[in-house]
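Down below is the structure, laid out as structure tokens.
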Amino acid sequence: GTGFNGIRNSASNVGLLILEAIVGLIVALSNVLIGLVLCMGLRRFMKNHFYIVLANLIVCTSLKAFVELAFVLPYYIIQSDGTPYYTSVAWKIFSREYERIIFNVSVFADYGRARMVLQIRNGCFAGVLFFSMLIAINRYRAVLKSAETTRIRERILRTALSCLLVWCTTAVIPFLFYLLQCQYTYESQAKLYRNTCVNTMDQIWTILLNCLIYLSYACAVAVFAIYLLVYRSLRRKRRAIDMVQKHSNVSITQMRLLKQSVVVFALYAASIASVLVLSLIPNIQQSMFELAYIENLLNLSIAAAYPICFLSMSGEMK
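Add 626 to a position in the sequence shown, counting from 1, and you land on the number used in this note's numbering.
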């Protein structure tokens with residue numbers, strides 16, 4: 627899932643493998659539960675455009691869980707055997723077609739990391755990051771407007787079109803990586819998977835790849851700026867309300883939504899920082915396992931953070 631799926635063939639790493647398996651199970655269960663909640667309350671939630679965006683976001687976090695459970699964990703479990711067969715020709719564990727499918731799903735969902743063979747860079751956050759940005763914009767619009775003046779059908783249509791636009795934008799990224807001929811490639815010497823792009827000989831493809839790589843930074847900065855605006859607007863709004871009445875359920879709910887979104891954003895920032903650390907360490911092979919493990923665990927945390935946060939807000943969702 628991270629592009630640095632290092633081998634775990636020592637007994638000292640069994641505990642870390644078990645921990646990651648438990649986190650992966652939590653990710654899967656939390657996404658299933660929030661999916662059931664949204665399906666059971668479909669008619670009620672469809673009236674609120676926030677939960678329409680949330681439902682689309684859960685699709686992406688579920689794909690993140692799929693990548694972990696269908697590719698990363700099976701790879702680690704098989705590699706933990708430590709036999710010469712698996713450590714020397716580990717690419718035979720999965721077919722090339724399966725590796726290509728998993729790569730495209732991971733890019734689409736968020737796990738995508740565009741890295742050259744000898745260069746370690748942060749990749750492109752796709753579905754989850756884009757829908758996180760849409761949620762941030764949604765929160766900003768909700769704070770600015772005290773009440774919706776448009777009809778429910780118009781709100782639903784507008785939100786549906788926004789989600790469709792995000793899906794189309796997200797789908798463009800795997801297509802571009804396909805043109806660049808990117809996929810997971812196993813390096814037997816380093817005993818890890820890396821994301822490699824073959825078609826980067828032309829200058830135009832190199833520029834395009836760099837644009838995709840640094841898109842996640844631009845998105846993260848934009849989300850951070852939006853959350854700052856939301857926080858400032860909420861503070862002004864709460865001060866104005868406190869002058870009239872002591873408590874406001876609306877402003878309290880909005881503040882809780884903001885805090886939960888900031889938690890997920892902090893996980894994104896930590897994930898990006900871990901990749902930057904990878905690119906700055908001189909003897910990277912010595913710390914590859916630890917940093918790859920931390921990065922993958924952070925990505926799993928992102929996949930679980932949204933469902934768990936919103937499941938904990940069952941009262942507000944009602």
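Glycine residues also receive a C-beta, built at the ideal position from the N, C-alpha and C atoms.
Are THR796 and PHE850 closer than 8 Å when you measure CB to CB?
It is not a contact, given that the beta carbons lie outside the stated cut-off.
To the nearest angstrom, report how far apart ASN836 and ARG726 are at their CA atoms.
C-alpha separation (whole angstroms): 21 Å.
What residue range does the alpha helix (DSSP H) around SER721 cover?
Here SER721 belongs to no alpha helix (DSSP H), and DSSP marks it neither H nor E.
Closest by CA to VAL889, which one among TYR853, ARG862 and ILE728?
Scanning TYR853, ARG862 and ILE728 for the CA closest to the CA of VAL889 turns up TYR853.
Tell me whether VAL798 is buried or exposed, calling it buried when 16 or more other Cβ atoms sit within 10 Å of its Cβ.
Classification of VAL798: exposed, given that the 10 Å Cβ count is below 16.
At which residues does the alpha helix (DSSP H) containing ASN657 begin and terminate?
It spans 640-666 - the alpha helix (DSSP H) in which ASN657 sits, taken as one unbroken run.
Does the count of Cβ pairs from the stretch 929-938 and the stretch 654-661 closer than 8 Å reach three?
By the Cβ rule, the stretch 929-938 counts as touching the stretch 654-661, because three or more pairs are nearer than 8 Å.
Please name the residue, chosen from LEU806, PHE756, GLU780 and ILE644, that lies closest to ALA844 on a Cα-to-Cα basis.
In terms of Cα proximity to ALA844, the closest of LEU806, PHE756, GLU780 and ILE644 is PHE756.
So who's on the other strand from CYS808, going by DSSP bridges?
Answer is CYS823.
Have a look at LEU937, ALA848 and ASN730 and flag the residue whose alpha-carbon is nearest the alpha-carbon of TYR766.
Ranking the options by Cα distance to TYR766, first place goes to ALA848.
To the nearest angstrom, report how far apart ALA773 and GLU694 are at their CA atoms.
Here ALA773 scores only 47 on pLDDT, less than 50, and its place in the model should not be relied on; the value that follows carries that caveat. Going by the C-alpha atoms only, they are around 41 Å apart.
For PHE697, the first and last residue of its enclosing alpha helix (DSSP H):
First-last for PHE697: undefined, no H or E at that position.
Using the Cβ count rule (16 or more neighbours within 10 Å means buried), how would you classify TYR919?
Buried, by the Cβ-count rule.
Please identify the residue among TYR840, PHE803, SER758 and ARG670 whose C-alpha is closest to the C-alpha of ILE782.
In terms of Cα proximity to ILE782, the closest of TYR840, PHE803, SER758 and ARG670 is ARG670.
Backbone CA spacing between SER721 and ARG865 [nearest angstrom]:
Those two C-alpha atoms are separated by around 59 Å.
For ILE678, collect the residues of the same chain with a Cβ closer than 8 Å to its Cβ; drop the 5 residues on either side in sequence, then sort them by chain order.
Excluding sequence neighbours, ILE678 sits near PHE671, MET672, ILE782, THR785, ALA786 and CYS789.
Return the chain-ordered list of same chain residues with a C-beta closer than 8 Å to the C-beta of THR709, the five sequence neighbours on each side being excluded.
Note that THR709 scores 45 on pLDDT, short of 50, meaning its location in the model is unreliable; the coordinates nonetheless yield the value given after this. Setting aside the 5 residues that flank it on each side, THR709 has no residue in the same chain whose C-beta is closer than 8 Å to its C-beta.
Indicate, with yes or no, if the ligand MN has a heavy atom lying under 7 Å from the CB of GLY641.
The ligand MN is absent from the structure shown, which contains no ligand whatsoever.
With burial defined as no fewer than 16 other Cβ atoms inside 10 Å of the residue's Cβ, what is the status of LEU841: buried or exposed?
With 16 or more other Cβ atoms inside 10 Å of its own Cβ, LEU841 counts as buried.
Whole angstroms is fine: what's the gap from SER688's alpha carbon to ASN682's?
Between the C-alpha atoms of SER688 and ASN682 there is a straight-line separation of about 10 Å.
If you draw a straight line from the C-alpha of ALA691 to the C-alpha of ARG862, how long is it?
One alpha carbon belongs to ALA691, the other to ARG862, and they sit about 39 Å apart.
Selection from CYS686, LEU642, PHE729 and MET759 that minimises the alpha carbon distance to TYR804
Comparing Cα-Cα distances from TYR804 to each of CYS686, LEU642, PHE729 and MET759, the minimum goes to PHE729.
Is ILE684 closer than 8 Å to LEU664 when the C-beta atoms are compared?
Taking 8 Å as the Cβ cut-off, LEU664 and ILE684 qualify as a contacting pair.
Confirm, please, whether the CB-CB distance from CYS823 to LEU806 is below 8 Å.
Result yes, Cβ atoms of LEU806 and CYS823 sit closer than 8 Å.
Determine whether the beta carbon atoms of LEU926 and ILE660 lie at a separation below 8 Å.
Between LEU926 and ILE660, the C-beta spacing is not below 8 Å.
For my contact list, ASN764 and PHE676 are in at a C-beta cut-off of 8 Å; report their separation, rounded to the angstrom.
In this structure, ASN764 and PHE676 form a Cβ contact; the two beta carbons are roughly 5 Å apart against a cut-off of 8 Å.
Helix, strand or coil at SER688 [DSSP, three-state]
SER688 sits in a helix when the DSSP states are folded into three classes.
With 16 other CB atoms within 10 Å as the buried threshold, where does CYS794 fall?
With fewer than 16 other Cβ atoms within 10 Å, it is exposed.
To the nearest angstrom, how far is it from the Cα of GLU723 to the Cα of GLY641?
Approximately 31 Å between the Cα atoms of the pair.
Assigned exposure category for LEU662 - 16 Cβ within 10 Å defines buried
When all chains shown are included, LEU662 counts as exposed.
Please report the straight-line C-alpha distance between LEU791 and LEU760, rounded to a whole angstrom.
Computed Cα separation, rounded: 10 Å.
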